[in-house]
Amino acid sequence: MASVSGDTYTDMEIQNTNLLIEWLSTQILAVDTPSRSNVPDNISNMIRNIQDGHMYLPVFQRLIYSHAYNFRDHYQGDIVSFFEWMETTSSHMNVLYMVFGFSKSDVSLLRRSEFSVYQGYVKSIWSDLLDYFSYSDHDNDLYLVSKILMKVNMLTELDNLVFELSKIRIVQKVDFMYNDGPIYAKLCDWVDNQLFVLFESLLPFASVKTFKPCLLLLTKNALIRKRVQQIYTLVENYPLTIDSLKEINTCINKQDQKEILVAAFVKSLENKLLLPSIKTIDIIIYYIKTIHSYLLIDHRGVLLDKVARPIRAYLCNREDTIERIVDGLLCTDARTNKLIELNEELNKSLIDTLTMKSTSKHHRRTLNWQPDPVDALPDFKIGKIDDIIDSLTSIFEDNNLFINQFVKLFSVNLLNIENYDYSDILRNLSLLKTKFTDNDFNRVDIMLNDIKKSKYLDAKIHELTLPTTTQHTDIHGVFLSHLYWPNLSLDTPQFEFPDILRKELAIYEMNYKKFQKGRKLKLHPQKSLVDVEITINGSIREYRVTLDRLAVLNLINESKMENMKIGIIMMKLKMPLQLIKASLEFWVDENVLIQSNGGWKMNE
């Protein structure tokens, strides 16, 4: 006869066990946690008779995991109510463990099972949790949530919650406070006195020590992101934005931030500045502001090198870039010179050059000296990095392009001087020689020498007694070495001068030959200027005009005709049609001549 060994259970024991399990299913992770006062008598008796709760350990674990779906039934989007339920449920579970007499090791195992269910569901509603506490009017509920997270062993998640909420609050604050002016100091004050105080009590002690530096780093990152979005405007509004640009230097701390800053700026340049519709002078002005701005952001010039390249390349292809730069360097009128900063820099360059020569050796021996950054272009090397003139002239590899423009401009200015006074031009030339070499300006030196000799020779000519005339014209000559003066072609159109002027010129030439034997004068009508007074409707006006304009006006003024046609002017003056039209347009614009019946007459 076979026998079976092992435990055997009576029907009553099995029935009681099923009743106990059924009751436990209403107690473990219940949506509505019941009170112990509602425990049925038979269940109470069974619990009292339990000597070792270890046998129910698998039952508890299975019910904990199987009842996790109750979370979905309980949570309806109310974060606070859900965490209040978690707190109550967890406390009730602890009571059950005590009632069943579980050992410490069993309780520890059940707690881990219970907490894993809490943790999993909290993570599933994490975005709701962040959204809820993104607004400061829910701050009072933070303590409850943090207490529950610590209770269910979610310390890492609590750290993450505080970190994420800090980022959200900082971004909100930066957006609220942001403007073109500096705000970093105010943000730091808010972090110290409000944000840190709010979150400090929610963190474990070990995390508090590093929390404030973390908040300041988050603040810098949020401000940098905002400044990157506005970098084009910040540079455009320099120098009003100096303090804000310095903030970028304070806050930028990672290489990827620098790369993002450069990329955003270059993209803005392509969309807003480097366009055919933008004037060259405005691009140069923005380029100068870029240099100043990026040296505040990065004094080494590495970032400046990167953002300046597209501007430099674009200016290099503009036909009038050199002309605009040269005009900016030499024009002293701040009202008309948008690049007056270049002229001011040029005036300071001589002093700076002398100072640099005397101190450069000393500076290189000091402990403050640093080598050039390896990724900076030669024109942004230390010592030249903040020299606006050098950074502009280095756009073009060939300095002769600038020299030719300087020579051209000097020639125009020298032909327009009064009383042979070229002191201002000589001063500008001396300043330019600090930026270029002396040999670059040999042609200008020759032109200046022509003016100097002309002054001497003209004085000698006027020492001779000139015949008096009823209308004396005071002639002063400038005798040019035409091979060295740009755009001074001797094949200029010749035409008939007014009688009085022709006679005076003949006398002046005769006296010139007395001092310059064997030479003769050849007048350049469009480079020769004459001062005239014109009375229009009782008002006296003064003009300095070229001889072609004087000849046209004099012919019409002396004529007895009601109006004079272009054909007659051409026949009388033997002047090219183009010159006549240009002269007529000038006097009409000045309201000295008026058109009448297909011709022109004086405006009397």
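Start counting the sequence shown at 0; every next residue gets the next number (numbering that gives the first Met the number 0).
Even glycine gets a Cβ: it sits at the ideal position worked out from N, Cα and C.
Any idea what DSSP makes of D332, helix, strand or coil? coil
Please look up how many angstroms separate the CB atoms of L314 and L328, rounded, as I've assumed it's under 8 Å. In fact, because the Cβ distance is near 15 Å, the residues do not count as touching under 8 Å.
Taking H523 as the reference, give the member of I42, F395, G537 and V477 with the closest Cα. V477
Where the alpha helix (DSSP H) through S610 begins and ends: As displayed, the chain neither begins before 0 nor continues past 603, which places residue 610 out of reach and without an answer.
Between the beta-carbon of L549 and the beta-carbon of V531, is there less than 8 Å? yes
For H361, count the other beta carbons within 10 Å of its own beta carbon; 16 or more makes it buried, fewer makes it exposed. Which is it? The predicted model places H361 with a pLDDT of 42, which falls under 50 and marks its position as unreliable; any figure quoted below should be read in that light. Looking at its Cβ environment, which holds fewer than 16 other Cβ atoms inside 10 Å, H361 is exposed.
Between L214 and L194, is the Cβ-Cβ spacing less than 8 Å? yes
Determine, using beta-carbon pairs with one atom in the region 509-517 and one in the region 487-501, whether at least three such pairs fall under 8 Å. no
Stretch-stretch touch, CB-based, cutoff 8 Å, three pairs: the region 111-123 with the region 157-166: no
Expressed to the nearest angstrom, what Euclidean distance is found between the alpha-carbon atoms of A221 and A307? 26 Å
Just verifying my parser: in three-state terms, what is the DSSP assignment at V544? strand
CA-to-CA distance, S410 to P238, given in whole angstroms: 36 Å
Where W125 falls, given that 16 or more other Cβ within 10 Å makes a residue buried: exposed
Going by C-alpha to C-alpha distance, which of S429, N438, D255 and E417 sits closest to N399? N438
Is the CB-CB distance between I310 and L302 below 8 Å? no
Confirm, please, whether the CB-CB distance from I169 to T218 is below 8 Å. yes
For Y142, is the classification buried or exposed, using 16 other Cβ atoms within 10 angstroms of its Cβ as the cut-off for buried? exposed
Does the distance from the C-beta atom of R323 to that of I280 stay below 8 Å? yes
List the whole-angstrom C-beta distance separating V234 from K288, where the pair is believed to meet the contact cut-off of C-beta under 8 Å. 5 Å
Assign R364 to one of three DSSP states: helix, strand, or coil. Because R364 carries a pLDDT of 36, less than 50, the predicted location of this residue cannot be relied on, and the following value inherits that uncertainty. Looking at R364 - three-state DSSP - the assignment turns out to be helix.
Quick one: what's got a C-beta closer than 6 Å to F264's C-beta in the same chain, skipping five residues either side? I230 and V306
Using a Cβ-Cβ cut-off of 7 Å (strictly less than) and excluding sequence neighbours within five positions of H475, which residues of its own chain qualify? D457
So, helix, strand or coil for G598, using DSSP? strand
Any idea what DSSP makes of S393, helix, strand or coil? coil
I'd like to check one pair, I394 with E344: are the Cβ atoms closer than 8 Å? no
Is the beta carbon of K337 less than 8 Å from the beta carbon of I284? yes
Answer yes or no: do K526 and L414 have a C-beta to C-beta separation smaller than 8 Å? yes
Where do the ends of the alpha helix (DSSP H) carrying D437 lie? Taken as a continuous stretch (DSSP letters only), D437 belongs to no alpha helix (DSSP H), as it is neither H nor E.
Rounded to whole angstroms, what's the CA-CA distance from F81 to Y134? Just pull it up for me. 19 Å
I'd like the list of long-range same chain contacts for K564, defined as Cβ closer than 6 Å, with 5 residues on each side in sequence excluded. G598
Would you kindly work out how many angstroms separate the C-alpha atoms of I147 and D72, rounded to a whole number? 20 Å
Contact under 8 Å by Cβ, V551 with S582: yes
With distance defined between alpha-carbon atoms, name the residue in N248, T232 and I535 nearest to I223. N248
Hey, how far is the Cα of L129 from the Cα of E318? 57 Å
Give the straight-line distance between the Cα atoms of E603 and I579, rounded to the nearest whole angstrom. 21 Å
Can you name, in chain order, every residue of its own chain whose Cβ lies under 6 Å from the Cβ of F101, other than the five neighbours on each side? G52
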